Amino acid sequence: MPELPEVEVICRGLEPNLLARTILAISFGTQAMRLPLPVEESALWITGQKITGVHRRAKFILIELASSATLMIHLGMTGRLNFFPAGSALAKHDHVRWLLDNHMELRFNDTRRFGSVQVIGPGQDKAGPFAGLGPDPFWSEFSAGYLAKLADGRKTPVKSFLMDNRVVTGIGNIYASEILFSSGVNPTKPVKKLTPREWQEIVVNSRLILNAAIACGGTTIADYVNSRGEKGLFQTKLQVYGRAGEACPNCGGQINQIRLGGRASFYCPACQPAPLTPVKMSKKRD
DNA sequence: CTAAGCGCCTGCATGC
DNA sequence: TGCATGCAGGCGCTTA
């Protein structure tokens with residue numbers, strides 16, 4: 001479900017409700033998640049601990065405890081984190097509940113179970129789980145030069161490249177299409193063919209669009225809600241995502257939809273012209 | 001090494 | 001009404 005803006009909005013909503021609270025007890029559901037639920041680790045390092053910080057890294061939500069352990073939550077496609085009065089009725093797909101010292105419970109609900117809940121113990125390498133991840137789009141390392149260097153010699157379509165966590169974290173299927181539209185770059189363009197200017201556009205527009213989406217409370221297509229259960233508003237500002245057949249906001253032409261890496265991808269053929277394909281001399285032309 | 005495809009899950013919309 | 005199909009904000013694994 002959520003990309004960087006949605007996770008960031010959730011994080012910001014969680015922080016004032018979690019900071020300095022103590023986790024009194026933790027309950028786990030019975031359904032298996034993508035990764036095993038951290039029952040033992042929670043008992044050892046999370047229960048009875050005071051919360052000292054709430055942060056985001058990539059699409060992970062990191063809740064730091066006084067024990068120096070970190071609770072690491074990924075929302076996958078349909079994960080939610082919301083507060084409920086302790087003892088109130090459970091919902092279908094509630095998988096983990098953290099009881100706080102104010103008679104409230106933080107609950108992790110995830111219909112499709114693509115999300116995960118993990119614990120990094122006090123003695124474990126804090127950077128370990130993130131080894132191999134690229135920079136956040138807001139970090140200074142995320143630059144035109146960095147992207148061009150990584151792209152060298154590769155023919156990966158630029159949209160798939162931007163969605164690759166090892167390149168840059170947090171950009172998913174919606175914002176990749178939006179960033180490329182704003183940058184005037186065709187999503188199928190092989191990364192080795194992008195110009196320095198195009199990379200620069202992508203860097204600048206990534207930050208502009210992700211920041212705008214955060215300011216709008218994220219994008220709700222189907223079921224995303226923030227920690228207070230509220231929907232985002234950025235879906236009203238999407239230029240191309242989900243708008244196949246509609247008029248391009250820039251030129252009035254028709255927005256096109258294709259599949260790239262198995263994901264729906266939207267672009268304007270006029271504003272984001274397809275890369276020229278080299279003519280194969282061995283094949284007949286018409 | 002890269003690139004592409006599948007599978008993990010549930011729920012919803014669509015078409016017959 | 002039922003049933004089959006395809007699709008969905010992610011991501012890791014397998015296959016060429």
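Counting from 1, one number per residue, gives the positions in the first sequence under the working numbering.
By construction, the Cβ of each residue, glycine as well, lies at the ideal position given by its N, Cα and C atoms.
Owing to the predicted nature of the structure, the values given are computational and were not obtained by experimental measurement.
| said: Using a Cβ-Cβ cutoff of less than 6 Å, which residues in the same chain neighbour P269 once the five nearest sequence positions on both sides are dropped? | reply: N256
Could you tell me which of E141, P85, G172 and R97 sits nearest to G76, measuring between CA atoms?
G172
Check: Cα-Cα, which of H55, I63 and G184 is closest to W199?
Finding: Closest option to W199, Cα to Cα, is G184.
- Message: Run through the DSSP bridge pairs and tell me what E105 is partnered with.
- Response: F84 and L99
Practice prompt. Please go through the same chain and pick out, in chain order, the residues whose beta-carbon is closer than 6 Å to the beta-carbon of R97, but skip the five residues on each side of it.
Written response: S27, E105 and R107
Next on the checklist: Contact between the region 64-83 and the region 111-122 is defined here as three or more beta-carbon pairs at a separation below 8 Å; is this criterion met?
Outcome noted: yes
task = Give the C-beta separation of K231 and T220 to the nearest angstrom, bearing in mind that I take them to be a contact with Cβ-Cβ under 8 Å.
result = Contact annotation, K231 with T220: C-beta distance approximately 4 Å; criterion of less than 8 Å satisfied.
Given A32 as reference, the closest of S116, A264, N102 and N17 once Cα atoms are compared
S116
message: Residues in the same chain with beta-carbon distance under 6 Å from P249, minus the five sequence neighbours each way, listed in chain order, please.
response: Hits under 6 Å: Q239.
Burial state of W45, where buried means 16 or more other Cβ atoms lie within 10 Å: buried
Q. My guess is that S227 and G13 are in contact by the Cβ rule of under 8 Å, so how many angstroms apart are they, rounded?
A. 3 Å
Worksheet entry | S177, DSSP secondary structure in three states | helix
- Considering only residues of the region 4-91, which uninterrupted alpha helix (DSSP H) runs meet the minimum length of 4 residues and lie entirely inside it, listed in chain order? 4-18 and 39-45
| message | Rounded to whole angstroms, what is the Cα-Cα separation between C251 and M163? | response | Take the alpha-carbon of C251 and the one of M163: they are about 26 Å apart.
- Query: Of the choices T22, A66 and S140, whose alpha-carbon is the least far from that of F101?
  - Reply: For the sequence presented, residue 101 should be read as Asp rather than Phe. The shortest C-alpha separation from D101 is found at T22.
Return the Cβ separation of L133 and P5 in integer angstroms, given the expectation that the two are a contact with Cβ distance under 8 Å. About 18 Å separates the CB atoms of L133 and P5; that is not less than 8 Å, and the two are not in contact.
Straight-line CA distance for Q272 to P187?
About 8 Å.
Keeping to the same chain, check which residues put their C-beta closer than 7 Å to that of S143; ignore five residues upstream and five downstream.
V203
**Residues near T111 by beta carbon distance below 7 Å, same chain, minus five either side** = T78 and H93
Practice problem: For N186, name the three-state secondary structure that DSSP assigns. | Solution: Here N186 sits in coil by DSSP.
- prompt: DSSP on A215, reduced to helix/strand/coil?
  reply: helix
Buried/exposed call for K284, threshold 16 Cβ in 10 Å
Because K284 carries a pLDDT of 33, less than 50, the predicted location of this residue cannot be relied on, and the following value inherits that uncertainty. Burial call: exposed.
Handout entry: Spatial neighbours of E201 in its chain, beta-carbon cut-off 6 Å, leaving aside the 5 residues before and after
Key = S183
Checklist entry - Hey, how far is the Cα of L19 from the Cα of L35? => result C-alpha separation (whole angstroms): 26 Å.
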